[in-house]
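Engineer: Quick one: the structure is below, and I'll ask about it shortly.
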């Protein structure tokens, strides 16, 4: 009787151990399936984010191309106006407006605009001249550099004009100055300010 009881107890224990082992294996499988589902969800989210970013970049590039076309159109109009003035000068009085006067006027206007931006820059520097502000500006510039690197498109000087113009709004949102944006994108400050003016008119 004792031997039979011992065998029965041993059999019961072995059966319980087997059931417990199977249960643990089933739990591991379920956990692995849940983890795989979670990874799949994350991959779908990443793909959606990537698609949205590509759409945003496409829109920004199209907007930049519109700005470039507008600049080219205005330059062509300016050349045509100057050519018309030169033609009219031949049949008009000496007191008529000459191309030199036109160019001088344009230069004076550009100088006034440059003077305005210089004054604004001086005022901004005076307002932001504390060590705390300088540290903040440096951090913002570093953020802008990291953003440019995150695009994985190489150095900006190798980009097309449209690609550089497309990055002006994102860099302005970061909060860095126009002069720093021009430096990062390897474009002239005057060129950047002209783009800003045309963007505001659009």
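In my numbering, the protein residues as written are 885 to 1086.
Backbone N, C-alpha and C define an ideal beta-carbon position, used for all residues, glycine too.
Would you kindly work out how many angstroms separate the C-alpha atoms of residue 1071 and residue 1050, rounded to a whole number?
Structural biologist: Mapped onto the chain shown, residue 1071 falls at position 187. Mapped onto the chain shown, residue 1050 falls at position 166. Using only the alpha carbons, I get a separation of about 12 Å.
Engineer: Smallest Cα separation from residue 1035: which of 920, 1069, 909, 1073?
Structural biologist: The residue labelled residue 1035 in the question sits at position 151 within the chain shown. Taking only the C-alpha atoms, the option nearest residue 1035 is 1069.
Engineer: Helix, strand or coil for residue 1037 per DSSP?
Structural biologist: Start at 1 with the first residue of the chain shown, and residue 1037 comes out as number 153. Coil.
Engineer: Below 9 Å between beta carbons: does that hold for residue 1064 and residue 1028?
Structural biologist: Within the chain shown, residue 1064 is the residue found at index 180, counting from 1. Within the chain shown, residue 1028 is the residue found at index 144, counting from 1. In this structure, residue 1028 lies closer than 9 Å to residue 1064 by Cβ.
Engineer: Between the C-alpha atoms of residue 1040 and residue 1015, what's the straight-line distance to the nearest angstrom?
Structural biologist: Here residue 1040 refers to the residue found at position 156 when the chain shown is read from its first residue. Here residue 1015 refers to the residue found at position 131 when the chain shown is read from its first residue. Computed Cα separation, rounded: 30 Å.
Engineer: Quick check on the burial criterion: 16 or more other C-beta atoms within 10 angstroms. Buried or exposed for residue 1052?
Structural biologist: Working through the chain shown from its first residue, we reach residue 1052 at position 168. Buried.
Engineer: Just to confirm my understanding: we take residue 1060, look at its own chain, exclude 5 residues before and 5 after, and list those with CB closer than 7 Å. What are they?
Structural biologist: For the purposes of this step, residue 1060 is identified with residue 176 of the chain shown, where counting begins at 1. Cβ neighbours of residue 1060 beyond the five flanking positions: 1024, 1025, 1028.
Engineer: Would you give the residue range spanned by the alpha helix (DSSP H) that residue 1052 belongs to?
Structural biologist: In the chain shown, the residue the question calls residue 1052 occupies position 168. Counting along the chain, the alpha helix (DSSP H) containing residue 1052 begins and ends at 1052 to 1058.
Engineer: On the three-state DSSP scale, how would you describe residue 1071?
Structural biologist: Numbered from its first residue, the chain shown carries residue 1071 at position 187. Coil, per DSSP.
Engineer: Roughly how many angstroms separate the alpha carbons of residue 1085 and residue 1033, rounded to a whole number?
Structural biologist: The sequence position of residue 1085 within the chain shown is 201, counting from 1. The sequence position of residue 1033 within the chain shown is 149, counting from 1. For residue 1085 and residue 1033, the distance between alpha carbons rounds to 31 Å.
Engineer: What separation, rounded to the nearest whole angstrom, lies between the Cα atoms of residue 1066 and residue 926?
Structural biologist: In the chain shown, the residue the question calls residue 1066 occupies position 182. In the chain shown, the residue the question calls residue 926 occupies position 42. Approximately 37 Å between the Cα atoms of the pair.
Engineer: Count the other C-beta atoms from every protein chain shown that fall within 10 angstroms of the C-beta of residue 1055, then say buried if there are 16 or more, exposed otherwise.
Structural biologist: Residue mapping note: residue 1055 aligns to position 171 of the chain shown, counting from 1. When all chains shown are included, residue 1055 counts as buried.
Engineer: Let me know if residue 903 comes out buried or exposed under the rule of 16 or more other beta-carbons within 10 Å of its beta-carbon.
Structural biologist: The residue given as residue 903 occupies position 19 in the chain shown. The residue in question, residue 903, is exposed, as its Cβ has fewer than 16 Cβ neighbours within 10 Å.
Engineer: When we look at the beta-carbon of residue 906 and count the other beta-carbons within 10 Å, is it buried (16 or more) or exposed?
Structural biologist: By 1-based counting over the chain shown, the position of residue 906 is 22. Exposed, since its Cβ has fewer than 16 Cβ neighbours within 10 Å.
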